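These protein sequences, in sequence, are chains A and B.
Under full-length UniProt numbering, think of the first position of the first sequence as 1, with each following residue one higher.
Under full-length UniProt numbering, think of the first position of the second sequence as 1, with each following residue one higher.
Note that the Cβ used here is the ideal one computed from N, Cα and C, for glycine as well.
As the structure is a prediction and not an experimental result, all values here were calculated from the model.
Below is one structure; the comments refer to it alone.
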Amino acid sequence: MAKHIRLKYKLSQRFEGRNPRKHALIVSIAAIVCLFTLVIVGAFVNVEGLDVNFMAKNNPPSFTHIFGTDWLGRDMLIRTLKGLNLSFWIGVLAATLSVIIAVSFSILSSVNKTLDAVVTWLIDLFMGIPHIITLILISFALGGGLKGVVIGVALTHWPMLTRLLRAEVMQIKSMEYIGVSQNMGKSWWWIGTHHILPHLLPQLIVGFILLFPHAILHEAAITFLGFGLSSEQPAIGIILSEAMRYLSSGMWWLAFFPGFSLLIMVFLFDVLGRNLRKLIDPLNGQKL
Amino acid sequence: MKIHFKNILIAFTIGLLSTSCAQDKKTHKSKSDELVLAIGGEPDNGFDPTTGWGQYGSPLFQSTLLKYDKDLKIDKDLATNYSLSDNGLEWEIEIRDSIKFSDGKPLTANDVIFTFRTAKESNSVVDLTNLKKIEKINNHKIKFYLKKRNSTFVYYLATLGIVPRHAYNSDYNENPIGSGPYQMVEWNKGQQLIVKRNPYYYGDKSYFKKLSFLFLSEDAAIAAAKSGDVDVVSVSSTFANNKVDGMKLVNIESVDNRGVVLPYVKNEGENIEGAPIGNDVTSDIAIRKAMNIAVDRKKLVEGVLNGYGTPAYTIADHLPWWNPDTHFKDGRLNEAKSILNEAGWIENKNGIREKNGLKAKFDLYYPSNDQTRQSLSIAFADMMQALGIEIKTKGKSWNVLDQALHANAIMFGLGSYTPLELYNAFSTNTQGQGLKNINYYANPTVDAYFKKALEASSQEEAMEYWKKAQWDGKTGFTYKGDAPIVWLVNIDHLYFVANKLNIGKQKIHPHGHGWPITDQIETWHWED
């Protein structure tokens with residue numbers, strides 16, 4: 001009996017270990033918990049460490065300052081957390097805007113051939129130019145700052161998702177029930193919201209999550225190049241570009257830890273996106 | 001983007017150069033009659049003295065009628081004789097004969113007249129509106145007629161490089177010809193400037209036949225210094241603790257000051273360009289005075305400048321026209337607090353002072369590409385927090401600053417060899433003109449002293465009034481008077497200089513970290 005139970009237990013354990021959906025779920029939840037901790041800690045962290053303290057300037061990493069301190073004696077850990085927090089919210093804003101644009105365009109393209117041609121042309125146009133260049137142009141034209149960065153990131157990151165959604169829409173449109181619906185005299189708006197949009201939702205959520213890493217990295221990149229956020233904002237891009245001036249005097253920790261933290265955050269989003277895709281995308285999810 | 005790419009390119013080129021000629025360079029270094037300098041400061045407008053080249057430091061390609069000696073007194077250069085008439089309106093100047101420009105053509109009174117006329121018409125930083133006419137007496141004698149007495153006119157004679165009439169055209173600023181110690185060989189914009197010895201120079205022959213000025217970012221410049229490719233590098237205090245083999249750190253005192261300029265008037269609308277004027281908080285003298293004595297300048301020098309600087313209390317510390325009575329003790333936080341309390345600025349529950357519902361807070365702008373000003377701004381704002389004054393720092397480009405600087409505090413820098421700077425910065429007549437008197441300071445007593453100083457018949461008399469304008473016992477434009485600016489530090493100009501290179505005794509440097517060091521470059525030489 002006991003042997004039997006043990007066997008059953010073992011079986012279920014083996015099964016559990018190999019269940020990709022469960023695995024994906026656990027990883028997703030872990031990633032979400034990590035990200036939320038980052039955001040919440042970043043929002044409520046004690047900002048006293050940001051005060052100028054010449055007694056503690058240029059300190060390498062130690063137990064009191066895990067990430068070290070900068071040339072004004074500000075704690076780099078707190079600066080990094082604040083920076084990640086800002087990056088997160090810029091990512092949320094920019095990714096949301098991108099998704100809204102992508103959905104609108106993909107539904108628009110389903111209306112008729114002309115609009116579809118226009119949307120396809122726009123996609124090709126934006127994808128033909130490297131992201132970072134369009135981003136710099138838009139951000140610069142809008143005068144930089146938070147507004148420039150958010151609008152710039154939003155306006156450059158929609159094409160990939162739009163292309164994906166458009167293909168999905170095309171496929172759904174050729175389904176019989178759409179034809180039936182049309183024959184029954186339903187408007188394109190009604191069909192769009194009732195038949196097409198629900199099918200797009202999984203793609204949308206995964207697309208939204210996977211936009212994050214791009215948005216955050218691009219925000220940091222153009223801020224680093226000086227076209228983005230202004231230098232008094234606690235952004236990672238600012239921290240990194242400031243750190244550049246001190247690298248040659250050997251203060252490696254100014255760039256290393258914030259850069260590494262940014263990478264981790266981006267990695268978490270990527271993991272989350274990929275695992276969510278396994279869970280909710282009907283096409284990919286069942287393949288496993 | 002452009003700049004970054006450029007720097008990478010230059011660093012790469014230097015890398016190539018250093019690998020190809022590293023060996024003979026290292027061995028010949030101290031005997032070479034060529035010098036490579038990376039001191040930055042590439043002028044946007046080129047090398048035309050009539051539009052401002054040479055106003056800070058020496059013009060290198062051109063020479064001036066008069067010059068400053070080591071104690072910043074006026075001395076003769078091109079001129080052999082000069083005199084001012086008793087009414088103070090006529091300057092008579094005799095110049096050396098048989099002087100030639102670097103192209104071999106002679107320099108005569110015609111060229112001097114041409115230079116001053118061109119400068120007057122250029123409407124640039126060279127402000128010669130007071131010059132009525134110039135008369136040629138003979139080929140080597142010129143007479144200047146002024147509209148009003150002006151004791152500062154002599155400083156134009158000492159800073160304006162003479163340009164050749166026969167060779168002056170629209171691209172003169174890129175191909176300067178002059179009678180200075182060096183002549184242009186090549187200028188690759190954004191990369192380097194190469195000059196060679198002017199064979200016709202009338203002064204002592206320079207030791208170095210050829211000078212190359214590299215325009216590098218600080219990082220690239222130090223990398224070049226470490227690989228032994230550069231003989232002189234300008235560095236900021238951040239990099240001063242780097243060790244570079246074969247080079248010594250030279251620390252030159254300056255009047256290159258930094259301070260927080262505070263809007264002097266209440267918010268009173270906009271100027272014709274739509275830039276707002278005035279600030280209700282900083283127009284209160286209690287706020288300005290309290291900040292002036294609360295700030296700990298020594299701490300800023302130690303903390304931000306790593307000790308490479310001096311505390312600044314006025315616009316012109318230790319210059320001949322500086323008034324020593326303006327000195328005061330700072331770092332007195334408690335006294336500052338009581339000044340604010342007496343004036344009715346009371347701390348609210350958030351620790352910010354308020355007076356009649358007005359919060360003691362304002363924005364402090366600094367140019368975002370200037371790391372020293374950024375650090376000073378952040379540190380200053382932090383110090384003022386203890387006082388109950390909330391300052392938000394904002395790093396912006398100069399374009400944005402131009403719009404913001406009449407209504408917000410600005411981290412500003414001045415420092416010049418002429419007392420005219422005092423007039424420019426504090427006279428009612430210059431309110432809101434470009435970067436002069438940006439905070440709309442106005443004091444009739446100060447204006448009266450300025451008038452007397454400008455009309456003084458001798459430099460000694462002028463000096464006295466320049467000093468009185470700063471503080472006459474009752475009022476003035478320094479802390480004890482109206483305190484329109486919180487001066488913070490004078491920045492030492494730091495250079496890494498090759499060990500055996502003798503750059504002579506340097507004058508106290510003006511604003512501008514770079515060209516001023518070349519002032520006496522014709523006397524530089526290798527030591528054995």
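Chain-order list of chain A residues neighbouring threonine 238(B): Trp71, Arg245, Tyr246, Ser249, by C-beta distance under 8 Å. The beta carbon of alanine 154(A) is closer than 6 Å to those of Ala94, Leu97, Ser98 in its chain, skipping five residues each way along the sequence. Here the alpha carbon of glutamate 273(B) sits roughly 29 Å from the alpha carbon of isoleucine 151(A). A distance of 8 Å or more separates the beta carbons of isoleucine 39(B) and valine 255(B). Selection His218(A), Val52(A), Thr193(A), Leu262(A) evaluated against leucine 72(A) yields Val52(A) as nearest (Cα-Cα).
Excluding the 5 residues flanking it on each side, aspartate 245(B) has same chain C-beta neighbours closer than 8 Å at Lys226, Gly228, in chain order. By a beta-carbon distance limit of 8 Å, leucine 488(B) contacts arginine 258(B). Their separation comes to about 5 Å. Going by beta carbons, proline 181(B) and serine 206(B) fall inside the 8 Å limit.
Beta-bridge analysis with DSSP links valine 195(B) to Met184(B), Leu211(B). Shown here, leucine 387(B) sits in coil according to DSSP, grouped into three states, outside any helix or strand.
Per DSSP, reduced to three states, the secondary structure at glycine 259(B) is strand. At a cut-off of 8 Å between beta-carbon atoms, lysine 278(A) makes no contact with chain B.
Any Cβ of chain A closer than 8 Å to the Cβ of glutamine 403(B) would place that residue at the interface, and such an atom is absent.
DSSP places aspartate 75(A) within a strand segment (E or B) once states are collapsed to three. Taking a C-beta cut-off of 7 Å against chain B, the contacting residues of the segment 46-67 of chain A are Asp51, Val52, Phe54, Lys57, listed in chain order.
By the neighbour-count criterion, in which 16 or more other beta carbons inside 10 Å mark a residue as buried, aspartate 75(B) falls on the exposed side.
Leaving aside the five residues that flank glutamine 506(B) on each side, the residues in its chain whose CB is nearer than 6 Å to its CB run, in chain order, Ile252. Not flagged as an interface residue toward chain B: glutamate 176(A), since no C-beta distance is shorter than 8 Å. Between isoleucine 503(B) and isoleucine 491(B), the gap from beta carbon to beta carbon reaches 8 Å or more. From the beta-carbon of serine 368(B), the residues of chain A found nearer than 7 Å are Ser230, Ser231. For glutamate 232(A), no beta strand (DSSP E) segment is defined, and its DSSP state is neither H nor E. As DSSP reads the structure, leucine 35(B) sits in a beta bridge with Leu211(B). Shown here for arginine 74(A): same chain residues with a beta carbon closer than 6 Å to its own, the five before and five after excluded, namely Leu50 in chain order. Nearest C-alpha to isoleucine 95(B) among Thr80(B), Asp370(B), Leu72(B), Asp528(B): Thr80(B).
According to the DSSP assignment, phenylalanine 144(B) belongs to the beta strand (DSSP E) that extends over 141-146. Contact with chain A is found for serine 375(B), since one of that chain's Cβ atoms lies less than 8 Å from the residue's Cβ. Taking 8 Å as the CB threshold, lysine 299(B) lines the interface with chain A. Put simply, of Leu35(B), Thr108(B), Gln55(B), Asn150(B) the residue whose alpha carbon is nearest the alpha carbon of leucine 89(B) is Asn150(B). Partner residues in the beta bridge of glycine 161(B), as assigned by DSSP, are Thr64(B). Interface criterion met: the Cβ of lysine 394(B) is under 8 Å from a Cβ in chain A. Look at lysine 480(B) here: in three-state DSSP terms it is coil, with no helix or strand label. Residue pairing by DSSP puts glycine 413(B) in a beta bridge opposite Arg258(B).
A straight line joining the alpha-carbon of serine 104(A) with that of valine 119(A) spans about 10 Å. Taking a beta-carbon distance threshold of 8 Å, glutamate 302(B) counts as an interface residue toward chain A.
Collapsing the DSSP output to three states places aspartate 75(B) in a strand.
Neighbours of alanine 379(B) across chain A, judged by C-beta separation under 7 Å: Val52, Leu72.
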